Amino acid sequence: MNRRILLMVPFAGVLVAGAGFLAMLEREQEGTFDPRAVPSQIINKPVPPFDLPGSPGFSSTDLRGRPIVVNFFASWCIPCVEEAPVLMALKAQGVPIYGIAYKDKPDATAAFLARNGDPYERLARDEPGRVAIDWGVYGVPETYLIDPQGIVRWRHVGPLTQDAVTAGLQPLLRRYA
Amino acid sequence: MIPELGHFALALGVALGFAQAIIPLWGAHRRDIRLMQAAPALALGQFFAIAASFACLAWSNVVSDFSVLNVAENSNSLEPLVYKITGTWGNHEGSILFWCLILTLCGAAVAAFGGNLPSSLRARVIGVLGLAGVGFQLFCLLASDPFVRLWPPPVDGRDLNPLLQDPGLAMHPPILYTGYVGFAVPFAFAVAALLEGRIDAAWGRWVRPWTLAAWCFLTGGIALGSWWAYYELGWGGFWFWDPVENASLLPWLTGTALLHSALVVEKREALKVWTVLLAIGTFSFSLSGTFLVRSGILNSVHAFANDPARGVFILALLGLVIGGSLLLFALRAPMLSATGIFAPVSREGALVLNNILLCSITAVVTTGTMYPLFAELLLGEKLSVGAPFFNATVFPLAVPLFAAMSVGPVLSWKRADLGAALMKLWWAALVAAVVALVMATRARLLPDLAMAASAWLILGAFADIAERTRLFRIPLAASGRRLIGLSRSSFGTVIAHAGLGVTVAGIAAMSLASSSIVLLKPGQVAHVGGYDWQLADLHDVAGPNYMARAATIRVSRAGSLVTILAPERRNFPVQQITTTEAKISTNGLRDLYAVLGDERDGGAVLRLHVNPLAPWIWFGALIMAIGGAISLADRRLRVGAPTRKPVGAVAA
Amino acid sequence: MIRLALALVAFLLLAGPAFAISDPSEALPNPQQEARAVAIGRQLRCLVCQNESIEDSGADLARDLRHIVRQQVAEGKTNRQVIDWLVARYGNFVRLRPPFEPSTYLLWGSPVLALAAGAGVAFFARRSRPTAPPPLSAAEQQRLRQILDT
């Protein structure tokens with residue numbers, strides 16, 4: 013009897029594993045399972061303190077009083093071109109967007125904004141990229157939502173899409189307005 | 327026209343596959359000799375159909391027919407001819423078709439060389455191979471069709487990934503896949519035995535050559551992949567415990583256990599259940615590896631075709647094949663009864679220990695590879711498990727395995743005297759201890775132990791031969807006669823075990839490697855690892871489909887020139903990728919390794935390595951494969967099954 | 002669409018000098034500190050080329066992280082502190098050597114568990130195997146010889 017149970021173990025194990033893989037595949041198609049994604053460590057935590065130069069530049073203490081979208085981008089970043097229209101649309105709706113140019117030269121950044129539109133209320137530059145590391149950024153573009161108390165509430169990795177805005181950003185903007 | 331013929335041949339193959347799956351199994355079930363004897367013909371027919379299909383795809387690649395989507399995405403007119411051919415299997419669709427090709431080749435091989443098998447077993451084996459094959463062919467035809475047309479055809483193709491335009495990596499997939507898929511034959515043997523309801527000593531003998539053949543190819547394929555990583559990727563590493571690498575190691579570990587376990591089935595008619603489970607398990611790992619690489623679930627540099635939709639199809643296929651066979655195992659295994667008995671201390675006992683250790687290593691590698699996926703799924707936690715984990719957990723299990731590997735072959739069957747056996751190895755132990763002491767001053771504990779283990783393995787292999795030829799205990803001439811009379815299996819065993827020792831030595835010696843990153847201007851010299859490296863010049867090189875920048879490095883030692891290395895950085899304009907071509911000079915005992923990096927301030931950044939015994943890592947794998955091949959040639963493996971003389975056949 | 006976007010991001014992240022080797026000027030002047038920095042770096046995953054450590058990867062982010070590791074080692078931080086600093090920003094995913102905590106007990110315990118399971122199965126199987134009959138006594142051996150000789 014014991015022997016029979018033991019012999020069933022491999023089959024049972026494979027069934028469990030198979031169910032697990034099926035769940036992973038389904039979630040991968042939905043977008044909720046991504047083995048390559050690095051989850052953010054600062055969600056629901058205060059913005060890491062920083063003070064960046066730029067035109068005019070800004071610091072962590074400026075991210076207060078109203079919900080602000082912070083967008084890490086660079087002129088050498090191809091998906092950033094893709095998300096420019098979405099950011100411009102957000103700007104048109106009156107959403108304040110602060111931009112941080114990651115590892116970029118100021119004239120290259122200016123040229124990029126001239127070509128693709130400038131959605132930023134304020135622009136800072138993080139040439140060494142250290143502030144981005146404090147935020148846990150691992151590539152550009154990345155977009156964050158900061159609430160009026162200066163707490164990070166949302167992050168989007170990759171170019172911002174209209175779907176992400178509608179499903180993720182807008183509800184939070186309404187919540188923290 | 328040709329792609330359509332290929333497409334038709336593929337569909338024909340599927341149809342024949344269904345026939346091959348159903349008819350022989352039905353025939354074996356009904357003991358209908360005619361249906362059973364249809365098996366070889368069906369297997370051969372299916373092989374020719376799939377081979378024709380593959381040939382059509384290869385032809386489309388060779389003539390650069392960009393109206394075929396697969397060719398347009400993965401080839402280019404400027405590509406050298408050899409890479410046009412090897413690019414046939416260098417992408418998802420082509421590699422699946424290649425899988426199907428090897429699977430049908432296995433069926434054809436059983437048809438052609440399985441004449442010594444009783445017809446019901448052969449019919450069942452071919453039938454099961456057909457079942458496994460037809461699933462993959464359907465997947466190919468329905469979800470990964472390489473013959474899809476692209477209209478209008480582009481002027482030129484997207485080019486093969488430059489990393490794949492390399493001799494080592496071109497040959498790595500075919501050899502590796504032959505190994506993976508080759509284990510379908512022992513799998514089929516195991517399922518056939520479960521269907522038949524019995525396993526006997528003869529089964530153990532029949533399954534061995536097929537297992538050996540697959541094992542040789544898998545060993546070669548893995549070694550080739552590792553060697554490619556070493557010379558291509560530029561930092562001298564050769565194994566990263568990357569999930570896809572682990573996926574290839576798992577069937578190798580269980581395949582090795584299977585090889586040894588089958589011996590006990592043959593000698594003692596014991597360990598039947600274990601052996602059958604290993605046979606099913608090895609092929610299951612092969613299949614799972616295929617799934618994981620193509621599903622997008624695994625986080626790996628290797629993973630291609632990240633397509634969850636295809637992943638579901640393959641998962642379903644896997645569920646049927648693996649789940650079905652394991653269910654059959656659970657239901658039928660109790661019918662397999664062991665008859666032989668042996669003492670715990672005996673060669674059989676050593677083989678059981680071998681099984682336990684190899685399977686434990688398999689379990690650890692599987693756990694480490696799957697853990698991040700399941701932790702994220704079930705706990706929502708994002709973890710990663712990398713080389714530090716595997717090195718820390720696998721090595722403690724490998725050490726007792728190495729220790730036992732030299733003792734096992736000198737133990738006698740059924741009941742052995744451990745003390746006497748160890749005495750036969752006293753000189754191997756002595757040399758190993760000396761090596762450990764010598765290394766203790768120059769290396770850390772782990773490499774030190776590994777070197778000692780390597781000496782133990784190599785000398786233990788010699789001790790095995792010395793024992794069989796009664797060296798120094800009988801006149802030398804008599805020993806010589808015994809040596810010549812030894813079976814090829816014995817030679818194979820000894821050579822393969824020694825080969826592993828050679829590989830372990832190579833791996834241990836990498837801890838003694840010296841490397842340095844330097845910025846040199848032309849004319850300047852760097853001193854690394856006891857050699858003087860002088861950058862002679864930097865110049866441009868043009869290739870067929872790339873532009874490159876090359877450095878000429880003169881390497882000398884004590885004033886005399888040893889070699890000249892010319893590493894390159896190649897830029898492939900079509901795919902916009904830059905690859906580094908490290909240059910290696912080897913003399914069999916050490917590698918001199920140079921990589922060219924960025925150029926700055928009139929000079930170039932160079933990464934220079936001296937790797938002692940590095941070539942032994944792959945040399946050892948080659949030796950293991952040769953040992954396996956020699957075992958394969960053993961005459962005893964071709965003994966046929968006794969057949970009854972047909973009574974009354976003489977009557978006219 | 003999301004897949005395409007992710008692919009684009011991946012392309013972007015990989016399109017950097019993915020095959021550049023690191024710079025000699027990066028190394029710390031003190032060889033022991035450099036060795037410690039390399040040892041720490043080998044345990045940290047590059048988040049861009051994800052199956053390499055930051056020591057081996059040519060990505061920009063890896064280079065930045067190497068600088069940070071060396072900076073902190075030169076300041077005298079312990080290995081633990083350096084790794085914790087990075088984990089605070091990127092999570093446990095950045096560790097190639099998983100932490101030893103309740104969620105990973107099963108992982109780190111797997112070698113022992115596997116061995117125990119294997120040994121258990123082998124032992125179990127031995128118990129149910131037909132045992133050899135006990136050796137013959139002298140009287141029984143005598144009888145056997147008589148039977149065989151007739």
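Protein chains in written order, with the numbering used here: chain W, 13 to 189; chain R, 327 to 978; chain C, 2 to 151. Every residue, glycine too, gets a C-beta built ideally from N, C-alpha and C. Since this is a predicted model, take the numbers as computed values, not measurements.
Same chain, Cβ closer than 7 Å to residue i, neighbours up to 5 away in sequence not counted
| i | result |
| --- | --- |
| Arg673/R | Gly734, Leu737, Ser738, Trp739 and Ala742 |
| Thr414/R | Leu383, Ala384, Asn387 and Gly420 |
| Ala375/R | Ala335, Leu338, Gly339 and Leu342 |
| Gly148/W | Ser52, Gln53 and Ile54 |
| Lys909/R | Leu891, Ala892, Pro893 and Ala920 |
Spatial distance of residue i from residue j (CA atoms)
| i | j | result |
| --- | --- | --- |
| Val757/R | Lys750/R | 13 Å |
| Val761/R | Ala778/R | 6 Å |
| Ala96/W | Asn487/R | 31 Å |
| Leu370/R | Phe945/R | 36 Å |
| Ile320/R | Asp358/R | This structure gives no information on residue 320/R, because the portion of chain R shown stretches from 327 to 978. |
| Ala874/R | Thr906/R | 9 Å |
| Pro472/R | Tyr409/R | 17 Å |
| Ala980/R | Ala930/R | Within the shown structure, residues of chain R are numbered from 327 to 978, placing residue 980/R beyond reach of any answer. |
| Val619/R | Gln51/C | 15 Å |
| Leu575/R | Pro61/W | 46 Å |
| Ala516/R | Ala126/C | 20 Å |
| Leu395/R | Ala381/R | 17 Å |
| Ala63/C | Cys47/C | 6 Å |
| Val591/R | Val854/R | 54 Å |
| Arg768/R | Leu838/R | 8 Å |
| Pro698/R | Ile682/R | 25 Å |
| Glu76/C | Leu646/R | 58 Å |
Cβ distance (whole Å) where residue i is taken to contact residue j below 8 Å
| i | j | result |
| --- | --- | --- |
| Thr982/R | Gly607/R | Chain R is shown from 327 up to 978; residue 982/R falls before or after that span and cannot be answered. |
| Thr665/R | Glu595/R | 5 Å |
| Val70/C | Gly42/C | 6 Å |
| Leu846/R | Leu932/R | 6 Å |
| Ala852/R | His865/R | The pair is not a contact, with the Cβ atoms about 19 Å apart (cut-off 8 Å). |
| Thr878/R | Leu918/R | Actually they are not in contact, since the Cβ atoms of Thr878/R and Leu918/R sit about 14 Å apart, beyond 8 Å. |
| Gly32/W | Leu644/R | The Cβ separation is near 13 Å, so there is no contact. |
Residues of its chain near residue i, where Cβ-Cβ distance is below 8 Å and the 5 sequence neighbours each way are ignored
| i | result |
| --- | --- |
| Leu75/W | Val59, Val82, Tyr110, Ile158 and Gly162 |
| Leu887/R | Arg880 and Val881 |
| Leu407/R | Val388 |
| Pro171/W | Pro91, Cys92, Glu94, Glu95, Val98 and Pro153 |
| Gly694/R | Trp567, Asn572, Val711, Phe715, Phe716 and Thr719 |
| Val39/C | Glu56 |
Contact under 9 Å by Cβ, residue i with residue j
| i | j | result |
| --- | --- | --- |
| Ser621/R | Glu40/W | yes |
| Ala982/R | Gly508/R | There is no way to answer for residue 982/R, as the model of chain R reaches only from 327 to 978. |
| Ser791/R | Ile952/R | One detail in the question is off: residue 791/R reads as Ile in this sequence, not Ser. Cβ atoms of Ile791/R and Ile952/R: not closer than 9 Å. |
| Leu97/C | Ser710/R | yes |
| Arg37/C | Val74/C | yes |
| Gly77/W | Met100/W | no |
| Phe344/R | Gly456/R | yes |
| Phe721/R | Leu772/R | yes |
| Gly505/R | Cys542/R | yes |
| Ser815/R | Ser587/R | no |
| Trp529/R | Ile943/R | no |
| Leu45/C | Leu66/C | yes |
| Ala518/R | Val451/R | yes |
Beta-carbon proximity list for residue i, same chain, < 6 Å, skipping 5 on both sides
| i | result |
| --- | --- |
| Ala136/W | Leu64, Gly66, Gly69, Phe70 and Ile112 |
| Gly827/R | Ser780, Leu783 and Ile784 |
| Gly440/R | Arg448 |
| Phe639/R | Phe465 and Ala469 |
task = Select from the stretch 137-151 of chain W all residues with a C-beta closer than 8 Å to any C-beta belonging to chain R, and list them in chain order.
result = Taking 8 Å as the Cβ-Cβ cut-off against chain R, none of the residues of the stretch 137-151 of chain W qualify.
Interface residues of the stretch 704-735 of chain R facing chain C [CB-CB below 7 Å]
From the stretch 704-735 of chain R, only Leu705, Glu707, Lys708, Leu709, Ser710, Val711, Gly712, Ala713, Pro714, Phe715, Thr719, Pro722 and Leu723 have a Cβ closer than 7 Å to chain C.
Give me the subset of the stretch 61-92 of chain C whose CB atoms are less than 9 Å from a CB atom of chain R, sorted by chain position. Only those residues of the stretch 61-92 of chain C whose C-beta falls short of 9 Å from the nearest C-beta of chain R are listed: Gly92.
query: Of the residues that make up the stretch 90-116 of chain C, which ones have a beta carbon closer than 9 Å to any beta carbon in chain W?
result: Answer set for the stretch 90-116 of chain C: Arg90, Tyr91, Gly92, Phe94 and Val95.
task = Determine which residues of the stretch 38-58 of chain C have a Cβ less than 8 Å from any Cβ of chain W, and write them out in chain order.
result = So the list reads Leu48, Val49 and Gln51, given in the order they occur along the chain.
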